[in-house]
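Numbering (UniProt numbering), first residue to last: 1 to 226.
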């Protein structure tokens with residue numbers, strides 16, 4: 001009895017439009033059956049595929065940890081997330097996982113230790129009037145929120161933005177003034193202007209409002225981080 005060759009199998013599959021191997025579902029089921037025959041579960045396969053130090057496997061997964069392959073990685077992660085919530089929308093497993101990872105990210109971020117400007121220790125004997133200038137204050141805030149502790153800063157900013165979008169009353173953190181910057185965003189209530197320039201003035205006022213909101217959020221987050 002002759003064994004059908006691979007060429008014959010391919011020819012037969014081409015002739016048969018209902019061949020399960022021509023569909024994604026059929027291919028997935030075939031892979032699952034093959035894994036079962038090899039005493040492997042899909043999870044064991046993926047863990048071994050991602051962690052085994054084999055050159056052939058390394059080549060196949062070379063884009064998984066790069067921007068090139070990250071979008072498809074997110075597809076996998078979101079599929080697991082959807083599966084977690086499918087049977088129970090209140091299932092805490094996914095949130096607990098994200099929380100644990102977020103804690104690791106926050107703990108990995110630390111403010112620099114040592115004397116200024118290399119660290120956050122400020123000696124009164126070395127502080128000059130320039131230290132309190134708006135430029136230097138913004139520079140220190142930016143370094144803390146965007147360079148030293150960006151992950152925690154973005155978490156805090158996301159929550160602050162959400163509160164503002166949902167109309168939550170503004171509550172200042174102790175020591176944070178809820179006021180506009182004096183430079184470039186003066187009060188426009190008592191300013192006379194030509195009505196023909198009203199759109200420009202309104203745009204400027206809206207821009208100032210956005211700037212004030214951003215400054216307020218940065219100052220609040222910086223105060224919390226400090």
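A virtual CB, placed ideally from N, CA and C, is assigned to each residue, including glycine. Because the structure is a prediction, the values reported are computed rather than measured.
Rounded to whole angstroms, how far is the Cβ of residue i from the Cβ of residue j, which I believe are closer than 8 Å?
i           : j           : result
residue 130 : residue 138 : About 13 Å separates the two Cβ atoms, so there is no contact after all.
residue 45  : residue 57  : The Cβ separation is near 11 Å, so there is no contact.
Give the straight-line distance between the Cα atoms of residue i and residue j, rounded to the nearest whole angstrom.
i           : j           : result
residue 233 : residue 149 : Given a span of 1 to 226 for the chain in the structure shown, any question on residue 233 remains unanswerable.
residue 102 : residue 92  : 15 Å
residue 38  : residue 155 : 44 Å
residue 122 : residue 40  : 59 Å
residue 43  : residue 110 : 35 Å
residue 126 : residue 145 : 24 Å
residue 25  : residue 97  : 30 Å
residue 115 : residue 66  : 37 Å
residue 21  : residue 27  : 5 Å
residue 78  : residue 30  : 24 Å
residue 59  : residue 69  : 13 Å
residue 85  : residue 128 : 56 Å
Note the first and the last residue of the continuous alpha helix (DSSP H) segment covering residue i.
i           : result
residue 72  : 67-86
residue 95  : 93-108
residue 135 : 134-142
residue 127 : It is not in any alpha helix (DSSP H) - residue 127 carries neither H nor E in the DSSP assignment.
residue 44  : 42-51
residue 57  : 55-60
According to DSSP, is residue i part of a helix, a strand, or is it coil?
i           : result
residue 37  : helix
residue 162 : helix
residue 115 : strand
Among the residues of its own chain, which have a CB less than 7 Å from the CB of residue i, if the five just before and after it don't count?
i           : result
residue 118 : 112
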